[in-house]
């Protein structure tokens, strides 16, 4: 399902300029360091570096060796040390100074910032490649990346014109928006008179919707990420996929014609599509049999190379599907999905809790067990104390006491919480409701702030109709709504919010939803009178996910775009999934 866009769908801006800017900045930094040099670069930046500048560019600028920095630079007679992340500020500079002393007499150590802020991973996907953003902001409360987000938005508005309509929800979204507006005011005139290319911007904090990020993905691209880990748009397919003794690094984007047709498909449709594709390909090869010499010459020069490339990609994706099927059958994926759907719908909670206990006892996976506990907690507005203590004890006994600090992190982030004794769902809701609406109460007191952070998922789900009512089977071949990305069981909350706000072009009529999301002061609309905005630009929407977005959300919004005649562009701090969220919160590194 490549989601062929309607004939009237707007064209996407060309984001290749962002890649050129990042490359030019890197070359500029290298040219500031004359002579031969070794380059030390942060581990997280190796993949972006690979996408932006190849080895020949580094060689041209006299880079002899490239070192990946984990915690401490390898010992070397290097001339230059290059650090790239501004946010590791004091610790980084101390480390560089310290290592400078260690390398005294062995050449000059120089520290520079390669401050690229946006990397185009695909025609409609931009990433800041900041996987650490989620933990830094949502757990540690570190606001250092907000400036980076504001700078990225400022760069986009400088290159692609002003954004006439801006909406957002969440504390980080609000701060990023305010800082970005300050930057725009300080450099007033840069975008003045420019014709807007993008009509709407929507900023959304990850903690507004944890549920979607915690669900197992079932669209092809999401499953590939959950199974093999897509990193900076690349995936490493092992021998079990390549049918050889070698692994292969594959770039997954719209240029891969086979992948582009199946990326948004529900997995149940993918095998059928690939089988048909293989038959069509074989028929094209078979055409050679009746050709004369001239026709054969044309075939070889014009078609054969493309067919071979398509055949290679088809083999890879068939191999990936087989590998996913094997792993999911082994995990009893159907039973897992059934439990997740029960949690989303609020049915069979006791059976779901038993399933999670069994999952822990069988030591299936520490990350998976945590994920299921968090999903239970958020959908139920916190665990009842008895269940919280029981699951936590079983988990620590099964996976080890070293996970104790992880539970503290999850509680602080609001991912795994315990209901106050005697608080039923309705009691919690009514208490929060009274506090928020009672003007005499003023600000919510600290004593009740933890209650205000409760997810209220059931009430939100009802308000926004997140669980579709379907007569008979949900047709995954011809999806009727965004719920298809979760087998028809659930419309992603983040995507529903975006849909509703765009429909209204404001938060009007969504006051109750905003209150239940604990964002009464954190939902905003910023509309500027923009006469130059064309009707085409007003159907282009930039969605900014702060804390990461999943491929399921991207697929859902691509579907919505096709249905409504919009085109969505995604800007995320990093692509995420449930395992990455849990790993970010974990104090036990795999």
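Residue numbers (our numbering): 27 to 616. Note that CB positions come from ideal geometry on N, CA and C, so glycine has one too.
Nearest residue (CA-CA) to residue i, options the options
i: residue 175; options: 398, 572, 413; result: 572
i: residue 8; options: 253, 581, 301, 342; result: The requested residue 8 does not occur in the structure, where the chain is confined to residues 27 to 616.
i: residue 299; options: 584, 309, 287, 339; result: 287
i: residue 204; options: 173, 62, 224, 156; result: 173
i: residue 158; options: 70, 481, 387; result: 70
i: residue 75; options: 154, 548, 137, 188; result: 154
i: residue 277; options: 65, 146, 421, 419; result: 146
i: residue 141; options: 49, 87, 230, 351; result: 49
i: residue 576; options: 605, 554, 561, 551; result: 605
i: residue 539; options: 413, 377, 488; result: 488
i: residue 586; options: 542, 520, 310, 186; result: 520
i: residue 63; options: 395, 303, 90, 498; result: 90
i: residue 245; options: 262, 290, 226; result: 290
i: residue 178; options: 202, 499, 77; result: 202
i: residue 210; options: 274, 614, 188, 485; result: 188
i: residue 336; options: 365, 361, 525, 303; result: 303
i: residue 545; options: 200, 374, 68; result: 200
i: residue 621; options: 502, 417, 410, 86; result: The shown model of the chain, from 27 to 616, leaves out residue 621, and the question about it has no answer.
i: residue 237; options: 481, 43, 56; result: 481
i: residue 226; options: 256, 272, 559, 255; result: 559
i: residue 85; options: 499, 77, 65, 73; result: 65
i: residue 503; options: 548, 295, 138, 526; result: 295
Local conformation of residue i per DSSP, three classes
i: residue 582; result: helix
i: residue 553; result: strand
i: residue 8; result: Examination of residue 8 is not possible in this model, given that the chain is present from 27 through 616 alone.
i: residue 231; result: strand
i: residue 174; result: helix
i: residue 189; result: coil
i: residue 244; result: coil
i: residue 627; result: Nothing can be reported for residue 627, as the shown portion of the chain is limited to 27 through 616.
i: residue 444; result: strand
i: residue 410; result: coil
i: residue 523; result: helix
i: residue 539; result: helix
i: residue 614; result: coil
i: residue 272; result: coil
i: residue 598; result: strand
i: residue 503; result: coil
i: residue 262; result: strand
i: residue 374; result: coil
i: residue 571; result: strand
i: residue 202; result: helix
i: residue 498; result: coil
i: residue 560; result: coil
i: residue 300; result: helix
i: residue 195; result: strand
i: residue 152; result: strand
i: residue 362; result: helix
i: residue 566; result: strand
i: residue 38; result: coil
Classification of residue i by the beta-carbon crowding that lies within 10 angstroms, buried from 16 upward
i: residue 54; result: exposed
i: residue 194; result: buried
i: residue 46; result: exposed
i: residue 319; result: exposed
i: residue 214; result: exposed
i: residue 392; result: buried
i: residue 308; result: exposed
i: residue 41; result: buried
i: residue 612; result: buried
i: residue 398; result: buried
i: residue 610; result: buried
i: residue 305; result: exposed
i: residue 262; result: exposed
i: residue 167; result: exposed
i: residue 284; result: buried
Any non-hydrogen atom of the ligand ADP closer than 7 angstroms to residue i Cβ
i: residue 433; result: Of ligands this structure carries none, so the ligand ADP is not represented either.
Short CB-CB distance (under 8 angstroms) between residue i and chain B
i: residue 154; result: Any reference to chain B falls outside this structure, which holds one protein chain only.
* Asked: Mind pulling the alpha helix (DSSP H) runs of 4 or more residues that sit fully within the stretch 51-95?
  -> The alpha helix (DSSP H) runs of length 4 or more contained entirely in the stretch 51-95 are, from start to end of the chain, 72-78, 81-86.
* Asked: With a cut-off of 8 angstroms, do at least 3 Cβ pairs link the stretch 170-184 to the stretch 87-96?
  -> Segments in contact, no.
* Examine the Cβ distances between the stretch 577-584 and the stretch 400-410 and report whether three or more of them are shorter than 8 angstroms. => With a cut-off of 8 angstroms, the stretch 400-410 and the stretch 577-584 do not count as touching, because too few Cβ pairs lie within range.
* Give a yes or no on contact between the stretch 263-277 and the stretch 334-343, applying the rule of three or more CB pairs nearer than 8 angstroms. => Inter-segment contact for the stretch 263-277 and the stretch 334-343 is present: three or more beta-carbon pairs are separated by less than 8 angstroms.
* **Validate contact between the stretch 487-497 and the stretch 509-521 using beta carbons, cut 8 angstroms, 3 pairs** => Verdict: yes, contact present.
* Taking one C-beta from the stretch 550-570 and one from the stretch 583-599 each time, how about it: are there three or more such pairs within less than 8 angstroms? -> Three or more Cβ pairs drawn from the stretch 550-570 and the stretch 583-599 lie within less than 8 angstroms of each other, which places the two stretches in contact.
* Asked: Can we say the stretch 229-243 touches the stretch 594-613, given the rule of at least three CB pairs closer than 8 angstroms?
  -> Three or more beta-carbon pairs separated by less than 8 angstroms link the stretch 229-243 to the stretch 594-613, which places the two stretches in contact.
* Taking one C-beta from the stretch 414-425 and one from the stretch 374-390 each time, how about it: are there three or more such pairs within less than 8 angstroms? -> Yes, the stretch 414-425 touches the stretch 374-390.
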